[in-house]
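*Asks:* Below is a structure I'd like to ask you about.
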Amino acid sequence: MDQNYPDLETDPEKPPPNIVIIMASDLGFNDVSFHGSNQFYTPNIDSLGYQGLILNNYYSPSVCSGSTASFFTGKYPSRLGLQAAPLQNDESSGLGQMEKLMPEYFREGGYKTVLVGKWHLGFHQKVLTPLERGFDQHFGPWGARINYLDHSHRMPGGSKGLDMRNGTEVWKEARGTYATNLFSEKAIEIVKEHNFEDQPLFLVLSHIAPGTNGDGDLQARDANRRGFKPPPSRAEPFLRAAAAEKYNITNANLAAAADCFQFSSRRRRLGSIFQTAAADWFDYSSRRH
Numbered sequence: 024m025d026q027n028y029p030d031l032e033t034d035p036e037k038p039p040p041n042i043v044i045i046m047a048s049d050l051g052f053n054d055v056s057f058h059g060s061n062q063f064y065t066p067n068i069d070s071l072g073y074q075g076l077i078l079n080n081y082y083s084p085s086v087c088s089g090s091t092a093s094f095f096t097g098k099y100p101s102r103l104g105l106q107a108a109p110l111q112n113d114e115s116s117g118l119g120q121m122e123k124l125m126p127e128y129f130r131e132g133g134y135k136t137v138l139v140g141k142w143h144l145g146f147h148q149k150v151l152t153p154l155e156r157g158f159d160q161h162f163g164p165w166g167a168r169i170n171y172l173d174h175s176h177r178m179p180g181g182s183k184g185l186d187m188r189n190g191t192e193v194w195k196e197a198r199g200t201y202a203t204n205l206f207s208e209k210a211i212e213i214v215k216e217h218n219f220e221d222q223p224l225f226l227v228l229s230h231i232a233p234g235t236n237g238d239g240d241l242q243a244r245d246a247n248r249r250g251f252k253p254p255p256s257r258a259e260p261f262l263r264a265a266a267a268e269k270y271n272i273t274n275a276n277l278a279a280a281a282d283c284f285q286f287s288s289r290r291r292r293l294g295s296i297f298q299t300a301a302a303d304w305f306d307y308s309s310r311r312h
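Just so it is clear: in the sequence shown, position 2 is 25 by the numbering used here, and no numbers are missing.
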C-alpha cells in the first residue's frame, strides 16, 4: 500500500468507532477563522480543524436542503432535484424514497442513529420523515427555519405553527429554550446517557444556526456578545487575505456563467431564497447584473 495513505482495513478485534457529525446551516466557506476570515473569531471550530483533517475541495450549492441531501446520499443535489431553492414547509416534495441515506447504512451496521436539530428534507408524507429514513431518534424541526425561541414557523401564505419535534410528536416541553442551546444540550445528554458497551453511536447534530429566523429581528442569546475578532497585528490582514484569495473566483466569465446557471435553475422559486436571509445569498443580487 502507498505509504502516503493509511491502511483502510479494519481490525475485527477493535470495537467500531462512535461518530458525531456537527452541521451548520448557511455557514459560508470563509466564515471561519481557519479558512481565512478576518471578521469572525471561531477558536473552537478552528481547534477541531487543526487537530483533525481539513477538506478544501468539496462542492454543493449553498442551500439548506440541497447540501444536506448531498451529504446524506453522496450525490450531487442536481441528481436529487434539490439544486435550487430550499424546501418550504407547505411544499409537497422531499428527498426521494428510492435514495438510501447514510444513517440507514449505520443502523444496518449495528449503530444507534440519532438526529438532533434540523431535518429539512421533506415531511409532507410520514415516509419522508427522519424516523423513516434511518434514524432511531430525532429531536428538532422537520422543516425550514424556525423562531429560535418559540420554535414557530410562518408559511408564505400566513399560517403559523410549531415545528419542534420529539420523534413524530411536537416537542412542547422544549418551547422557550433557545434553539442552539437546546440542540447542543440534547446532544450532550445523548452522549452521556448512551451505553457504548452495548452499541456504537452515530449522532448528527444539525444546527439551524447561523441561519436566521426569516425576515424577523436578530434572535441572539446575547446581542452584545462580541463575536468579531480583536484588532489584528500588522501582518495578519495580509496572511488572511492571502488565505482567502485561494477561494475567490477571479474569472469574470466563470462568475457570470455561475450566476446565469443559478438564476435559471431557481426559476419562479427564486424569490423564496431571499426570504431565508441566508448569509450565502447576500451578494447574489449585487452580482446578477
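For every residue, glycine included, the Cβ atom is placed at its ideal position computed from N, Cα and C.
Let me know if Val86 comes out buried or exposed under the rule of 16 or more other beta-carbons within 10 Å of its beta-carbon.
*Replies:* Result: buried.
*Asks:* Excluding the five sequence neighbours on either side, which residues of its own chain have a C-beta within less than 8 Å of the C-beta of Thr191, listed in chain order?
*Replies:* Excluding positions up to five away in sequence, the list reads Lys149, Thr152 and Leu154.
*Asks:* Enumerate in chain order the residues of its own chain whose CB-to-CB distance from Met11 is below 6 Å, with the five nearest sequence positions on each side excluded.
*Replies:* Any answer about residue 11 is impossible in this case: the structure gives the chain only from 24 up to 312.
*Asks:* Let me know the secondary structure DSSP gives Val86 once reduced to three states.
*Replies:* It is coil, neither helix nor strand.
*Asks:* Does DSSP put Gly184 in a helix, in a strand, or in coil?
*Replies:* Gly184 falls in the strand class under three-state DSSP.
*Asks:* Is the beta carbon of Pro100 sitting closer than 8 Å to the one on His143?
*Replies:* Taking 8 Å as the Cβ cut-off, Pro100 and His143 do not qualify as a contacting pair.
*Asks:* How far does the beta strand (DSSP E) with Ile77 in it reach, from first residue to last?
*Replies:* First-last for Ile77: undefined, no H or E at that position.
*Asks:* Suppose the cutoff is 7 Å on Cβ atoms and the five residues either side in sequence are ignored; what does the same chain contact list for Trp165 look like?
*Replies:* Excluding positions up to five away in sequence, the list reads Trp142, Phe146, Thr152, Asp186 and Arg188.
*Asks:* Per DSSP, which residues does Met3 bridge with? Please list them.
*Replies:* Since the displayed the chain opens at 24 and closes at 312, residue 3 lies outside it and no answer follows.
*Asks:* What is the DSSP secondary structure of Arg177, reduced to helix, strand or coil?
*Replies:* In the structure shown, Arg177 sits in a strand (DSSP, three-state: E or B).
*Asks:* In whole angstroms, what is the alpha-carbon distance linking Arg257 and Pro66?
*Replies:* Note that Arg257 has pLDDT 48, beneath the 50 cutoff, so the model's placement of it is unreliable and the number below is only indicative. Approximately 20 Å between the Cα atoms of the pair.
*Asks:* Could you tell me whether the Cβ atoms of Gly140 and Ser229 are closer together than 8 Å?
*Replies:* Taking 8 Å as the Cβ cut-off, Gly140 and Ser229 qualify as a contacting pair.
*Asks:* When DSSP labels each residue in this structure, what does Asn170 get in the three-state scheme?
*Replies:* It is coil, neither helix nor strand.
*Asks:* Sort Asp221, Gln242, Gly117 and His161 by Cα distance to Val227 and report the nearest one.
*Replies:* The option with the nearest alpha carbon to Val227 is His161.
*Asks:* Could you tell me which residues DSSP pairs with Glu208 in its beta bridges?
*Replies:* The partner list for Glu208 (beta bridge, DSSP) is empty, contrary to what the question assumes.
*Asks:* Should Phe219 go down as buried or exposed, given a rule of 16 or more other Cβ atoms within 10 Å for buried?
*Replies:* Label assigned to Phe219: exposed.
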